[in-house]
Amino acid sequence: MSTPNRATLWGRVLVDELAKGGLEAVCIAPGSRSTPLTVAFAAHEGIDVYSHLDERSAAYFALGRARRTGEPTALVSTSGTATANFHPAVIEADQARVPLLVLTADRPHELRDSGANQTVDQVKLYGDAVRWDAELPDPEADERKVRSLRTTAARALAETGGVDPGPVHLNCPFRKPLEPIEVPDAVPDAFAETPAGRGRDSAFVETESGTRVLADAQYDDLVRTLEDADRPLIVAGPADPADLISLEPDRVATVAERVGAPILADPLSNLRFGPHVDRGSVTGPVYGGYDAYIDTLPEPDAVVRFGASPTSKPLRHALRDSDARQFLLDPAGDWREATFTATDLLATSPGPVFEGLCERLEADAGAETASKSEWLAAFADAERRHWAVRDAALESASLESDPFEGAVLAAVFDGAPDPATIFVSNSMPIRDADRFGRPRDAELTVLANRGASGIDGITSTALGAGSATDDPLVLVTGDLAFYHDSNGLLAVDRCGVDATIVLLDNDGGGIFHELPIEEFEPPFTDQFKTPHGLEFGALADFYDLAFERVALVDFASAYRRSLESEGTQVLAVEFDSEASHRRRDVLAERIREDLRGEDE
1 MSTPNRATLW
11 GRVLVDELAK
21 GGLEAVCIAP
31 GSRSTPLTVA
41 FAAHEGIDVY
51 SHLDERSAAY
61 FALGRARRTG
71 EPTALVSTSG
81 TATANFHPAV
91 IEADQARVPL
101 LVLTADRPHE
111 LRDSGANQTV
121 DQVKLYGDAV
131 RWDAELPDPE
141 ADERKVRSLR
151 TTAARALAET
161 GGVDPGPVHL
171 NCPFRKPLEP
181 IEVPDAVPDA
191 FAETPAGRGR
201 DSAFVETESG
211 TRVLADAQYD
221 DLVRTLEDAD
231 RPLIVAGPAD
241 PADLISLEPD
251 RVATVAERVG
261 APILADPLSN
271 LRFGPHVDRG
281 SVTGPVYGGY
291 DAYIDTLPEP
301 DAVVRFGASP
311 TSKPLRHALR
321 DSDARQFLLD
331 PAGDWREATF
341 TATDLLATSP
351 GPVFEGLCER
361 LEADAGAETA
371 SKSEWLAAFA
381 DAERRHWAVR
391 DAALESASLE
401 SDPFEGAVLA
411 AVFDGAPDPA
421 TIFVSNSMPI
431 RDADRFGRPR
441 DAELTVLANR
451 GASGIDGITS
461 TALGAGSATD
471 DPLVLVTGDL
481 AFYHDSNGLL
491 AVDRCGVDAT
501 IVLLDNDGGG
511 IFHELPIEEF
521 EPPFTDQFKT
531 PHGLEFGALA
541 DFYDLAFERV
551 ALVDFASAYR
561 RSLESEGTQV
571 LAVEFDSEAS
581 HRRRDVLAER
591 IREDLRGEDE
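Next up, the structure:
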């Protein structure tokens, strides 16, 4: 195939190399300067193309897909402010270790700093939020330059992965003509058959990332500490995308059983749900109700932690206040422990560590001492009591007159199909997921944007995750997050993603009721809670989505109907945010009273 001009050559070579390196999907926002990239991606049969009209929504969609797959998704934009709209998703990808490849088209060098239209400084645009950045050379049919382009593409893909995956930025300057218009002698016909022009059968540069492993002495120390502990504990925080694939829950459960350690599994850990949850014991090795009772139990004397910081504040504070030896496992060797109480940072992936522990721990390593028996019994009893109180509250007729959002999260997790992907918004929904999502023997992949914990891009991220799997997709979102990313709803039809969207509508920022500012009126209502009075049925109509306003007592049946239906449905449940917070407080105190044996 002849190549009509240099910009077209650059687009074709770059896309060809990315495809050979394993890139499978790209999100493209329309624009002129990015034409060479858009045309090349659209023509490549090996890469799925998702077209988005809004750059911010495109970036979060790509983020969601990459989070679900653990593999990089590419992003393409034209020059100017379009590139800045990627930045929030790049920040989330950085902090959440999500592989993302950002390709920004740019004006050629001679037009920069000249007042030329739609020209901004895009070099190192995302600062230190990217793992690596580079500016591509100007397009030219030159052997060395094209080899450099292919090598840069291969390196960019490699830099999105490894022990510390994240976003990578390539800035791509193009001169006109940008369309595949013939320019005589710009690219000789024979150039396509040169080694640089045709590339290699596979990636131009194959990159293999090594894995950091523990030395035998470190394993011996870890094994000895766990075996000698009377109150060992395993804490699984939100998982990195790579851990969703590589960490085998059965191995973690086996280690826990051999040393007599409860597993406190964050809903985003990939450990709260799955076949390993029920392994024949009364409660199983996995616990999910700890947010309500962790501060009522004795302190652990040995802790193994992995994943990001737990969602539960009571759990974080319990770890902060403990004098136990705490081993923090992190593949990149980063410090992700904001209470600053971990005693040992092990720069290694948790998957290989638990594989090694399974090999080194004897089957009877957890032979119970009297102290260890009491420890396990206390956790099992607290877990049973927590879910009993939760279930009684959900069944209570008082929910009709005094509902709270946690009841919806409980129903979402209890009634989700097996398998399913559940995406949970920040603010109160993820906290209620932590408190009320009971461990189940079901393959539930639970995701959220907890890197920077913003409410922007929630819908787009969820739909991006849904595009990567055939599992049913459930999005649980608050009203402000739903409003904030309303542009993202266009992807339901445009990108062919169906979802059940559970909308918790409390008319404003409900989480602020948890803060002392609640007592100051004004400015609390107008400046913090900010009631909006929006009617979301009109928004659903705008995007041709089915919309149903559901009473809490009817939610479970409406949820089941949606999961069994084709297309996308929005199930809106209204709440009074202040009453909901009071209800959470009452339930928390009821559980504590029950554990203390006090009269209710």
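Residues 1 to 600 in full-length UniProt numbering are what the sequence shown spells out, letter by letter.
Note that beta-carbon positions come from the ideal geometry of N, C-alpha and C, so glycine has one too.
Item: Close Cβ partners of L233 (< 8 Å) along its chain, the five nearest in sequence each way excluded; Value: A261, P262, L264, P300, A302, V303, V304 and A324
Item: Which residues DSSP lists as bridging E574, in chain order; Value: D505
Item: Sequence-distant residues of its chain with Cβ nearer than 6 Å to A342 (five each side left out); Value: Q326 and L328
Item: Nearest-angstrom Cβ-Cβ length linking P173 and P108, presumed shorter than 8 Å; Value: 5 Å
Item: CB of T469 within 9 Å of CB of T500, strictly; Value: no
Item: Per DSSP, the bridge partner or partners of S77; Value: T104
Item: Buried or exposed (CB count within 10 angstroms, at least 16 for buried), E519; Value: exposed
Item: Span separating the alpha-carbon of Y219 from that of T225; Value: 10 Å
Item: With 16 other Cβ atoms within 10 Å as the buried cut-off, status of W10; Value: buried
Item: Sequence-distant residues of the same chain with beta carbon closer than 7 Å to residue 642, five excluded per side; Value: As shown, the chain starts at 1 and ends at 600. That puts residue 642 outside it, with no answer to give.
Item: Span of the beta strand (DSSP E) around Q527; Value: Note, Q527: premise wrong, no beta strand (DSSP E); not H, not E.
Item: Reduced DSSP category for F273 - H, G, I as helix; E, B as strand; rest coil; Value: strand
Item: V90: first and last residue of the uninterrupted alpha helix (DSSP H) it sits in; Value: H87 to A96
Item: Span separating the alpha-carbon of Y543 from that of V474; Value: 18 Å
Item: Member of D221, L222 and V252 whose CA lies at the smallest distance from the CA of A236; Value: V252
Item: Alpha helix (DSSP H) segment containing L222, residue limits; Value: D216 to D228
Item: Entirely enclosed beta strand (DSSP E) segments - the region 462 to 501, minimum 3 residues; Value: 473 to 478
Item: Sequence-distant residues of the same chain with beta carbon closer than 7 Å to L103, five excluded per side; Value: L37, A74, L75, V76, L170 and C172
Item: Residues near P298 in its chain [Cβ-Cβ closer than 8 Å; skip 5 each side]; Value: R231, W375 and A378
Item: Whole-angstrom distance between E257 and V223, CA atom to CA atom; Value: 14 Å
Item: S562 burial status per 10 Å Cβ neighbour count (16 or more: buried); Value: buried
Item: Completely contained alpha helix (DSSP H) runs for the region 127 to 159, where each covers 4 or more residues; Value: 143 to 159
Item: Closest by C-alpha distance to G289, when choosing among R431, S209, T339 and V213; Value: R431
Item: Distance between P180 and R6 (C-alpha atoms, nearest Å); Value: 9 Å
Item: Paired residues, beta bridge with S51 - DSSP; Value: I28
Item: Assigned exposure category for L14 - 16 Cβ within 10 Å defines buried; Value: buried
Item: Three-pair Cβ contact test at 8 Å for the region 379 to 388 versus the region 581 to 600; Value: yes
Item: Proximal residues to R12 (C-beta, below 6 Å), its chain only, five neighbours per side dropped; Value: A40
Item: Simplified DSSP state of P232, which is helix, strand or coil; Value: strand
Item: Same chain, Cβ closer than 7 Å to A556, neighbours up to 5 away in sequence not counted; Value: A411 and G415
Item: Minimum C-alpha distance to D334 - residue among C358, T81, E359 and G307; Value: G307
Item: Where V304 falls: helix, strand or coil (DSSP); Value: strand
Item: Three-way DSSP call (helix, strand, coil) for Y293 in this model; Value: helix
Item: Straight-line gap, K20 to A153 (C-alpha atoms, nearest Å); Value: 10 Å
Item: Closest Cα partner of A433 within the set D295, E548, R272 and S202; Value: R272
Item: T459 beta carbon less than 9 Å from that of N449; Value: no
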